[in-house]
Structures are given as structure tokens and as C-alpha cells.
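Chains as they are written, first to last, in the numbering used here: chain F, 1 to 113; chain Z, 1001 to 1111.
Pasting the structure below:
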């Protein structure tokens, strides 16, 4: 299994509070991604990174920010959590980003109440 | 129109059946096509990928791409209860920087 660790695995938070999810990899892959998975919508890309300090927006980036200060860590921040951000969040990594397989973490189940 | 469309199912079959899972895509520039399998409460894992048109076989699984109709298929022969999972098709985006996924088809194989 690819070395990807997401933390926390489960979190319940209140509306309006900031939340940070962490993705840590031991594979030294250049590309890292954050997806969210919701019933009826499948996996949707939030943000991705193509190197340290290099990030770009995905399909559903509103309300989210990311940071990547080291190759191995990619943080996803919800500045002010809303109930619509209740979801399962997956981190993924890819060696080249182009057309090759992405490896996924186990997911973080976030509930905003 | 979403770039990758997939019938979410659910699909229920008896053990031993042949299963056909399908996706369509809109961008004719897509060259790589992937199938991921996701067990309940787990992350997706790559099952197979194909380049351009044609078939690729791996054991009981066959991936097929028809670029003329923009149609992607995954066939599972002699389906097993352990094949019960959600299957997601995926294509790299036009920039080649991320994967675009279908919504996934949930398959249940009963013994």
C-alpha cells in the first residue's frame, strides 16, 4: 500500500469553526490532491498541488484553502465550516500527475453540525 | 454535461454472472482511462487502466475503450461476492494534472 496517512480519520465540528485536515505521504510523489466524496456526486476535486508551495483549484474549491510547505504534507483548511461541507475527504498522491495512477488515502469523515 | 458520466446503479447480480459496467466521456482528447474499485469505508484503489482504444485483460477483468463513441466499459467474468464494491471510471483532465471521476456504480454480488 502506498504510504498515505490522513488525519484525523473522523471529526465532528460546529458550523463556523475552522478545520484543518492533514495528508502525509512517504512516497515522495510530486502531486497531491484533495477530493470530497458525496452521495450522488462521486469524487470531486477540491485542490491539488504540483510541488512545494505550488497549488491550484479544482472543481469545488470555494470555502477551502490548501497549503504545502513540505513535499510530504498537504493540508486542507475549511476556514469557517458549513453544513454543506459535511463529506468524506480523500487525499491522493501521484508520481507524475499525468495519466498515471493516483493512490488514495483511507479518507476523513467530517461532520459539520 | 459532466466530462465523465456513469450510471450509479445499484447493480445486483448472482455469483458467477458476467457484469458490465459502463461510462461515457465528453472530451475526445482523453487518452487514458482508468477503473478504480472502492470497498465500503475505504479509499479507491486502481483496478485497471487502458490507453487509447482497445481492450485490456487482467484475470477476470477486462477494460474496453471505444473512442469513436466515447464509451468505456469494465467487464467482470465469474463475479464473486468479494467483487461487491463501488466501481469508478476516471480520466485525466485536459491539463493532465488531475483525475476526473464518474459518480461510481455500486455492485453487489450475492452467493
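Ideal placement from N, C-alpha and C gives every residue a C-beta, glycine not left out.
Buried versus exposed call for residue i [16 or more other C-beta atoms within 10 Å across all chains shown]
| i | result |
| --- | --- |
| residue 89 of chain F | buried |
| residue 1093 of chain Z | buried |
| residue 1080 of chain Z | exposed |
| residue 1016 of chain Z | exposed |
| residue 1097 of chain Z | buried |
| residue 4 of chain F | buried |
| residue 1018 of chain Z | exposed |
| residue 94 of chain F | buried |
Distance, residue j Cα to residue i Cα
| i | j | result |
| --- | --- | --- |
| residue 113 of chain F | residue 75 of chain F | 22 Å |
| residue 59 of chain F | residue 1077 of chain Z | 35 Å |
| residue 16 of chain F | residue 25 of chain F | 29 Å |
| residue 1069 of chain Z | residue 1044 of chain Z | 27 Å |
| residue 50 of chain F | residue 68 of chain F | 10 Å |
| residue 70 of chain F | residue 44 of chain F | 24 Å |
| residue 1042 of chain Z | residue 29 of chain F | 21 Å |
| residue 22 of chain F | residue 65 of chain F | 12 Å |
| residue 1040 of chain Z | residue 42 of chain F | 14 Å |
| residue 10 of chain F | residue 34 of chain F | 16 Å |
| residue 53 of chain F | residue 72 of chain F | 12 Å |
| residue 63 of chain F | residue 48 of chain F | 15 Å |
| residue 1066 of chain Z | residue 1022 of chain Z | 11 Å |
| residue 40 of chain F | residue 1006 of chain Z | 11 Å |
| residue 36 of chain F | residue 14 of chain F | 19 Å |
| residue 1117 of chain Z | residue 84 of chain F | Outside the shown range of chain Z, which is 1001 to 1111, sits residue 1117 of chain Z, and nothing can be said about it. |
| residue 1053 of chain Z | residue 1075 of chain Z | 15 Å |
| residue 79 of chain F | residue 1020 of chain Z | 43 Å |
| residue 27 of chain F | residue 61 of chain F | 26 Å |
| residue 6 of chain F | residue 1049 of chain Z | 25 Å |
Same chain, Cβ closer than 7 Å to residue i, neighbours up to 5 away in sequence not counted
| i | result |
| --- | --- |
| residue 8 of chain F | 108 |
| residue 1100 of chain Z | 1003, 1004, 1090, 1091 and 1093 |
| residue 1051 of chain Z | 1031 and 1032 |
| residue 1025 of chain Z | 1003, 1004, 1070, 1072 and 1091 |
| residue 1027 of chain Z | 1003 and 1094 |
6 Å CB neighbourhood of residue i in its chain, flanking five on each side removed
| i | result |
| --- | --- |
| residue 38 of chain F | 87 |
| residue 111 of chain F | 12 and 86 |
| residue 20 of chain F | 75 and 77 |
| residue 1110 of chain Z | 1014 |
| residue 1064 of chain Z | 1055 and 1073 |
| residue 32 of chain F | 49, 74 and 93 |
Same chain only: Cβ atoms within 8 Å of residue i, ignoring 5 sequence neighbours per side
| i | result |
| --- | --- |
| residue 1029 of chain Z | 1094 |
| residue 56 of chain F | 47, 48, 49 and 50 |
| residue 1008 of chain Z | 1103, 1104, 1105 and 1106 |
| residue 96 of chain F | 30 and 31 |
| residue 18 of chain F | 77, 78, 79, 80 and 81 |
| residue 1038 of chain Z | 1044, 1045, 1085, 1086, 1087, 1088 and 1104 |
Contact set between residue i and chain B, taken where Cβ atoms lie within less than 8 Å
| i | result |
| --- | --- |
| residue 1085 of chain Z | The chain labelled as chain B is not found among the protein chains of the depicted structure, namely F and Z. |
Touch check for the region 1054-1064 of chain Z and the region 100-112 of chain F: three-plus C-beta pairs under 8 Å?
no
Evaluate the contact criterion for the region 1103-1110 of chain Z versus the region 1078-1085 of chain Z: three or more CB pairs, one atom per stretch, below 8 Å.
yes
Report yes or no: do the region 1010-1018 of chain Z and the region 1033-1042 of chain Z share at least 3 C-beta pairs separated by less than 8 Å?
no
Please go through the region 1012-1063 of chain Z and give each complete beta strand (DSSP E) segment of 3 or more residues, from N-terminal end onward.
1019-1025, 1032-1038, 1045-1051 and 1054-1058
Ignoring anything shorter than 3 residues or poking outside the region 36-84 of chain F, list the beta strand (DSSP E) runs there in chain order.
With a minimum length of 3 residues, the continuous beta strand (DSSP E) runs that stay inside the region 36-84 of chain F are 42-51, 54-57, 64-70 and 73-78.
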